[in-house]
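FYI, the numbering for the sequence shown is 139 to 405, going by our numbering. For each residue, glycine too, the CB sits at the ideal point set by N, CA and C. Presented below is the structure to which this report refers.
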Amino acid sequence: MTSSPEGDEIPASGPLRPPGLGLLLAEMRAIFEFNASLLMSPLLMRAPRGDGHPVLALPGFLASDLSMAPMRRYLTELGYDAHAWQMGRNLGGISRMRSALRDRLAEIHANSGRKVSIIGWSLGGVYARDLALNAPELVRYVVTLGSPFANDVRATNATRLYEALSGEAVGDDPELLKALSGDLQVPTTSIFSRADGVVNWKTCLLRPSAAAENIEVHLASHVGLGVNPAVLWAVADRLAQPEGQFSQFERSGPFAIAYAPRERAQS
139 MTSSPEGDEI
149 PASGPLRPPG
159 LGLLLAEMRA
169 IFEFNASLLM
179 SPLLMRAPRG
189 DGHPVLALPG
199 FLASDLSMAP
209 MRRYLTELGY
219 DAHAWQMGRN
229 LGGISRMRSA
239 LRDRLAEIHA
249 NSGRKVSIIG
259 WSLGGVYARD
269 LALNAPELVR
279 YVVTLGSPFA
289 NDVRATNATR
299 LYEALSGEAV
309 GDDPELLKAL
319 SGDLQVPTTS
329 IFSRADGVVN
339 WKTCLLRPSA
349 AAENIEVHLA
359 SHVGLGVNPA
369 VLWAVADRLA
379 QPEGQFSQFE
389 RSGPFAIAYA
399 PRERAQS
């Protein structure tokens, strides 16, 4: 570990390994996470209500808007104006998708007249951070779910397939990687799990600051991050903050036991 100028410990960069076969096979538990969210829906609806501002949900690699439908439905029921990305299946390509994503973000912003919060699952979270870097005036908040944007971003079990389908080499642009892993101009939360079977959790860690935090959810799978009840609650809690304000996430509410202590989540 190294220390930032502000004294916060941040992960040291270096080669990391993708999650092992055992964790990858255990991703099948995502179906239980989805069922748990259905069973616990009465508890989930006790989360802080939204103020009606727009939220754009970006799916992960190889996923489509269908994967984010439970998240969008939940946020709509809480009072948000939830939007799909409407670009079909996510086949990757940060540079290739940048213009279309910016247009989609601008469209939602223009129609609502309000800044847009962005939730990105895995690769969708990398897109979300890229959007916040290039159009901060349109973005209110960024939440990433198991997104590999820091340290050795090749440490995933999807890297080779991503490169084959997107035509982009992972990690070949040091300046972009530095920007994606650095501080954003908008508040941001990275939600991750050490039991992630697709992405090495250390690639999901951002540097904590006055407007940035990491939230670790115990035992969550990568495939289940978008439907895990504790993740859904945390997303709702974060988005409910008034625009321009930020406070660190507190382990409270019906899913408090599912979150790691703040000190563990930041290291």
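State yes or no: is the C-beta of residue i within less than 8 Å of the C-beta of residue j?
i: valine 280; j: isoleucine 256; result: yes
i: alanine 220; j: threonine 214; result: yes
i: glutamine 224; j: aspartate 241; result: no
i: serine 260; j: serine 328; result: no
i: alanine 288; j: valine 277; result: no
i: leucine 229; j: leucine 303; result: yes
i: leucine 318; j: valine 365; result: no
So for residue i, helix, strand or coil by DSSP?
i: phenylalanine 170; result: helix
i: histidine 247; result: helix
i: tyrosine 397; result: strand
i: methionine 139; result: Note that methionine 139 scores a pLDDT of 39, beneath 50, so its modelled location is shaky; the value from the coordinates is reported in the next line. Coil.
i: valine 324; result: coil
i: glycine 277; result: One point to set straight first is that residue 277 is valine, not glycine, in the sequence displayed. The answer is strand: DSSP assigns valine 277 an E or B state.
i: serine 390; result: coil
i: valine 254; result: strand
i: serine 347; result: strand
i: proline 153; result: coil
What does residue i pair with, by DSSP beta-bridge criteria?
i: threonine 294; result: Val337
i: aspartate 219; result: Pro192
i: isoleucine 329; result: Leu283 and Ile353
i: tryptophan 259; result: Leu283
By Cβ distance, which residues of its chain are closer than 7 Å to residue i, with the 5 residues on each side in sequence left out?
i: alanine 296; result: Phe199 and Val336
Once you ignore the five residues that flank residue i on each side, which residues in its own chain have a CB closer than 6 Å to its CB?
i: histidine 191; result: Arg252
i: alanine 168; result: Ser359, Val361 and Gly362
i: leucine 357; result: Ala333
i: glycine 309; result: Val291 and Arg292
What residues in its chain sit with their C-beta under 8 Å from that of residue i, if we drop five residues either side in the sequence?
i: serine 250; result: His191, Pro192 and Asp219
i: aspartate 146; result: Unreliable placement is indicated for aspartate 146, whose pLDDT of 40 sits below 50; the coordinate value is still reported in the next sentence. So the list reads Arg345, Pro346, Ser347 and Gln404, once near-sequence residues are dropped.
Please report the Cβ distance between residue i and residue j, rounded to the nearest whole angstrom; I am assuming they are in contact, meaning their Cβ atoms lie under 8 Å.
i: alanine 195; j: methionine 209; result: 6 Å
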